Amino acid sequence: MFVCTGYGTQSPTAPLEPLTFNRRDVGENDVEIDILYCGVCHSDLHFARDEWHFTKYPAVPGHEIVGRIKRVGAGVRKYKAGDLVGVGCLVDSCRTCPSCQEGLEQYCDAGMAGGTYGGIERQTGEPTKGGYSEKIVVDEKYVLRIPDNLDPAAAAPLLCAGITLYSPLRHWQAGPGKKVGIIGLGGLGHMGVKLAHAMGAHTVLFTTSPGKVEDGRKLGADEVIISKNAADMALHNNSFDLIIDAVSASHDLEPYFALLKREGTMVQVGAPEHPLPINVFPLLLKRRNFSGSLIGGIRETQEMLDFCGQHNITAEIELISMNYINEAYERMLKSDVKYRFCIDMNTLKA
Ligand code: NAP
Ligand code: ZN
Ligand code: ZN
Numbered sequence: 024m025f026v027c028t029g030y031g032t033q034s035p036t037a038p039l040e041p042l043t044f045n046r047r048d049v050g051e052n053d054v055e056i057d058i059l060y061c062g063v064c065h066s067d068l069h070f071a072r073d074e075w076h077f078t079k080y081p082a083v084p085g086h087e088i089v090g091r092i093k094r095v096g097a098g099v100r101k102y103k104a105g106d107l108v109g110v111g112c113l114v115d116s117c118r119t120c121p122s123c124q125e126g127l128e129q130y131c132d133a134g135m136a137g138g139t140y141g142g143i144e145r146q147t148g149e150p151t152k153g154g155y156s157e158k159i160v161v162d163e164k165y166v167l168r169i170p171d172n173l174d175p176a177a178a179a180p181l182l183c184a185g186i187t188l189y190s191p192l193r194h195w196q197a198g199p200g201k202k203v204g205i206i207g208l209g210g211l212g213h214m215g216v217k218l219a220h221a222m223g224a225h226t227v228l229f230t231t232s233p234g235k236v237e238d239g240r241k242l243g244a245d246e247v248i249i250s251k252n253a254a255d256m257a258l259h260n261n262s263f264d265l266i267i268d269a270v271s272a273s274h275d276l277e278p279y280f281a282l283l284k285r286e287g288t289m290v291q292v293g294a295p296e297h298p299l300p301i302n303v304f305p306l307l308l309k310r311r312n313f314s315g316s317l318i319g320g321i322r323e324t325q326e327m328l329d330f331c332g333q334h335n336i337t338a339e340i341e342l343i344s345m346n347y348i349n350e351a352y353e354r355m356l357k358s359d360v361k362y363r364f365c366i367d368m369n370t371l372k373a
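The sequence shown maps to residues 24 to 373 in the numbering used here.
Here you go:
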């Protein structure tokens, strides 16, 4: 074990502050990564404040990690010291259940025990600690390669926001001839707009923020709809193949169901604190589907990174220093992020 410096919180109501904790030493199949950048996901905030009711304290969030490998275990084959790599929301999984065997580790029968934070590290039995820290030690199987042509800071948010939108876009076959809606221009949503556009879908952004209309277009939306305007919404009734909801707070889903074609699909990726009441009638009337989707498996995450490398896609980031994190959380709650905070981990030492 070695002592690692990071940033975290001791309770749901306390601000994040510097702290130290133990990390395991590099094992046979592990790599030790010096963290360069870590994106700030709204899940970090839900987790730090125990809004999902499983947080163990001290809690160290962060699962959009980019860094350089410092050393590797004797059994490591894919990576060497000096490689630029990423770690997303998973650092382990059971490896034997049907989902793990199919490369869908995010749906592992052991649940999110392999989560980058909030999981349980099998080597030590301790709660896992995330990327708001100087280093992380990860089994090479759960480490991703970052394409050379991407800016490492702006690539960090691909590790969660990117894959969380890429996976349902691929699963429900977004592409030419498909009309795809993305709800919410935050960290996830802005990646959804970029990716759906790059896949060739007719991409429509739904936003509650009139000030984001112009950006939505620049990021790749063919149309932008202010979701509070019922008349504008109704113009699109029965027309969408797929709508992905990337909103962090409870809101009414019913207006979106009516926009789906017969057998169209609405996918929930936003994970609000409180359960959502749902009127099922718009679903019954046109055999519409309502589904969920969780991040993506390791193989698909690498596929997404390579796709982003080919299409030169990264996140729009605001680079922050580690001690700005509490202010960043408050701004995230006000939907005031353009469009992902990313921590420069060099500032942790300062
Ligand atoms: P974010 O950057 O804070 O963006 C959320 C966006 O939702 C805001 O920018 C805003 O967009 C919209 N919004 C916020 N409050 C709203 C309200 N009351 N009504 C309507 N719209 C509202 O958050 P994020 O990091 O993208 O994460 C979004 C959600 O996805 C979080 O709940 C997070 O935990 C979850 N998540 C899920 C997965 C998964 O695997 N399923 C992975 C990562 C994150 P506009 O200003 O455009 O309206
Ligand atoms: Zn996330
Ligand atoms: Zn499994």
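Glycine included, each C-beta is placed from N, C-alpha and C at the ideal position. Keep in mind it's a predicted model, so treat the numbers as computed, not measured.
Item                                                                                                    : Value
Sequence-distant residues of its chain with Cβ nearer than 6 Å to residue 364 (five each side left out) : 63, 341, 343, 351
Three CB pairs or more closer than 8 Å across the segment 116-128 and the segment 171-178               : no
Three-state secondary structure (DSSP) of residue 172                                                   : coil
Distance CB(residue 362)-CB(residue 259) smaller than 8 Å                                               : no
Cα-Cα separation, residue 106 to residue 262                                                            : 46 Å
Straight-line Cα distance separating residue 291 from residue 48                                        : 38 Å
Residue 131, enclosing alpha helix (DSSP H) - first and last residue                                    : Note, residue 131: premise wrong, no alpha helix (DSSP H); not H, not E.
Closest by C-alpha distance to residue 81, when choosing among 293, 41, 99                              : 41
heavy atom of ligand 1 below 7 Å from residue 84 C-beta                                                 : no
Exposed unless 16 or more other CB atoms sit within 10 angstroms - verdict on residue 150               : buried
Residue ranges of each alpha helix (DSSP H) within the segment 324-366, 4 or longer                     : 348-356
Contacting residues, own chain, Cβ-Cβ under 6 Å from residue 191 (five flanking each side not counted)  : 267, 290, 316
Sufficient close CB pairs (3 or more, under 8 Å) joining the segment 82-96 to the segment 141-155       : yes
Same chain, Cβ closer than 8 Å to residue 103, neighbours up to 5 away in sequence not counted          : 92, 95
Minimum C-alpha distance to residue 38 - residue among 57, 51, 332, 345                                 : 345
Spatial distance of residue 252 from residue 265 (CA atoms)                                             : 20 Å
Opposing strand residues paired with residue 314 [DSSP bridges]                                         : 290
Collapsed DSSP secondary structure at residue 301 in the structure displayed                            : coil
Under the three-state DSSP convention, the category residue 122 falls into                              : helix
Cβ shell of residue 167 (< 8 Å), same chain only, five flanking positions each side left out            : 108, 109, 110, 111, 182, 321, 324, 325, 328
Residue closest to residue 367, alpha-carbon to alpha-carbon, out of 57, 35, 169                        : 57
Span of the alpha helix (DSSP H) around residue 246                                                     : No alpha helix (DSSP H) contains residue 246, which is instead part of the beta strand (DSSP E) from 246-249.
Under the three-state DSSP convention, the category residue 30 falls into                               : strand
Status (buried if at least 16 other CB within 10 Å, exposed otherwise) for residue 221                  : buried
Per-residue burial, residue 257 [other beta carbons within 10 Å of its own, 16 or more giving buried]   : exposed
Assigned exposure category for residue 24 - 16 Cβ within 10 Å defines buried                            : exposed
Bounding residues of the beta strand (DSSP E) (the contiguous stretch that carries residue 161)         : 158-162
CA-to-CA distance, residue 369 to residue 245, given in whole angstroms                                 : 38 Å
Burial state of residue 334 (16 or more Cβ within 10 Å)                                                 : exposed
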